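Residue numbers (our numbering): 346 to 468.
Take a look at the structure set out below.
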């Protein structure tokens, strides 16, 4: 079994440390919209059963909206993890609209709670 100990996106690459008891280096692939867009073999890392992998993120991932990627072992259907890249003006409007809706709902709940406290005599 292979699992991710940590991962990050840095300098246009997805990097991670894996734990795997395989003696052969795991080959990790990046999948976007059902297509494998990058792959790399893991390199031995410090510590028993530890491997490091670094995948370059293709430029087309840096596009407007949300781009979701899966990371999996080559030939395996189940992903090790998922990550999303969010960008663009269109997305900004969505986030602000959602924030406004959450604020309005919180105000409504606050008023209802205060009214409940007044009506029941709770302090």
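We treat Cβ as the ideally placed atom computed from N, Cα and C, and that holds for glycine.
Here the structure is a predicted model, which is why all the values come from computation and not from measurement.
Quiz item: Based on Cα-Cα distance, which residue from 446, 360, 457 lies nearest to residue 398?
Solution: Residue 398 sits at position 53 when you count from the first residue of the chain shown. Of the listed residues, the one whose Cα sits closest to residue 398 is 360.
Practice problem: Pick helix, strand or coil for residue 402, following the three-state DSSP scheme. | Solution: Position 57 of the chain shown, counted from the first residue, corresponds to residue 402. DSSP places residue 402 in coil when its eight states are reduced to three.
Quiz item: Are the region 454-465 and the region 390-410 in contact at 8 Å, needing three or more beta carbon pairs?
Solution: no
Quiz prompt | Residues of its chain near residue 352, where Cβ-Cβ distance is below 6 Å and the 5 sequence neighbours each way are ignored | solution = Taking the chain shown and counting its residues from 1, one reaches residue 352 at position 7. Once the five neighbours on either side are set aside, the close Cβ partners of residue 352 are 361.
Exercise. Can you tell me which of the three DSSP states residue 446 falls into?
Key: On the chain shown, residue 446 is found 101 positions in, with the first residue counted as 1. Three-state DSSP puts residue 446 in a helix.
Quiz item: When the Cβ atoms of the region 439-453 are set against those of the region 373-382, are three or more pairs found closer than 8 Å?
Solution: no
Quiz item: For residue 387, which of 424, 363, 404 has the nearest alpha-carbon?
Solution: Translated into positions along the chain shown, residue 387 becomes position 42. That would be 363, whose Cα lies nearest to the Cα of residue 387.
Quiz item: With DSSP run on the structure shown, which of helix, strand or coil describes residue 362?
Solution: The count along the chain shown starts at 1 and reaches residue 362 at position 17. DSSP places residue 362 in strand when its eight states are reduced to three.
Quiz item: Does the beta-carbon of residue 425 have 16 or more other beta-carbons within 10 angstroms, so that it is buried, or is it exposed?
Solution: Here the question's residue 425 lines up with position 80 in the chain shown. Buried.
Exercise. Figure out for me which residue from 356, 420, 370, 422 has the closest Cα to the Cα of residue 402.
Key: Mapped onto the chain shown, residue 402 falls at position 57. Comparing Cα positions, the closest option is 356.
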